[in-house]
Amino acid sequence: MDAGRLSSAALMVSGLAGVVMPVRVATALDLSATTGRGRAETRAGLGGTYAALGGWALVSRAPAARTAVGAAWLGAAATRLGSLAVDRPRTDWIFWLSLAMEVGLGTVAVVPRPDAAD
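Each residue of the sequence shown is one higher than the last, beginning at 1 in the UniProt record's numbering.
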């Protein structure tokens with residue numbers, strides 16, 4: 001599996017986790033999903049959105065699909081970095097691992113491969 005497809009699959013799996021396990025995902029992200037509305041928003045916002053984008057990029061042959069996945073990951077990373085100054089969040093290992101994944105998976109998705117035929 002090439003790096004762009006790996007990035008897309010990771011986004012899709014992340015989204016599927018949000019759909020299937022909204023309380024665990026919300027808890028890992030230090031969010032509250034203790035009400036029906038909270039679980040529904042976690043499923044939709046952190047689940048369905050990412051699962052659909054990652055899944056689309058996996059089946060699409062359009063280079064723009066993988067670029068969109070990369071932009072989503074890098075947008076999350078930039079916002080996470082900005083939140084350090086604005087929100088001053090608790091930065092446990094999950095925070096830093098998330099940032100590393102966002103930067104790494106975003107970068108591999110947007111950097112064109114010289115041998116890419118699609």
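Built from N, CA and C at the ideal position, the CB exists for glycine as well.
Among P89, G75, V69 and V110, the one whose alpha carbon lies nearest that of S8:
One-based indexing of the sequence shown puts residue 8 at position 8. If we check each option's Cα against that of S8, V69 comes out closest.
For P22, which three-state DSSP category applies?
As a first step, residue 22 must be located in the sequence shown, where it is residue number 22. Looking at P22 - three-state DSSP - the assignment turns out to be helix.
Neighbourhood of R80 by C-beta distance below 6 Å, restricted to the same chain and skipping five residues each side:
Position 80 of the sequence shown, counted from the start, is the residue given in the question as residue 80. Excluding sequence neighbours, R80 sits near L99.
Extent of the continuous alpha helix (DSSP H) run through A57
Stepping through the sequence shown from its first residue, residue 57 is reached at position 57. Element bounds for A57: T49 to V59.
I'd like the list of long-range same chain contacts for R5, defined as Cβ closer than 6 Å, with 5 residues on each side in sequence excluded.
Looking up residue 5 in the sequence shown gives position 5. Answer for R5: no residue qualifies.
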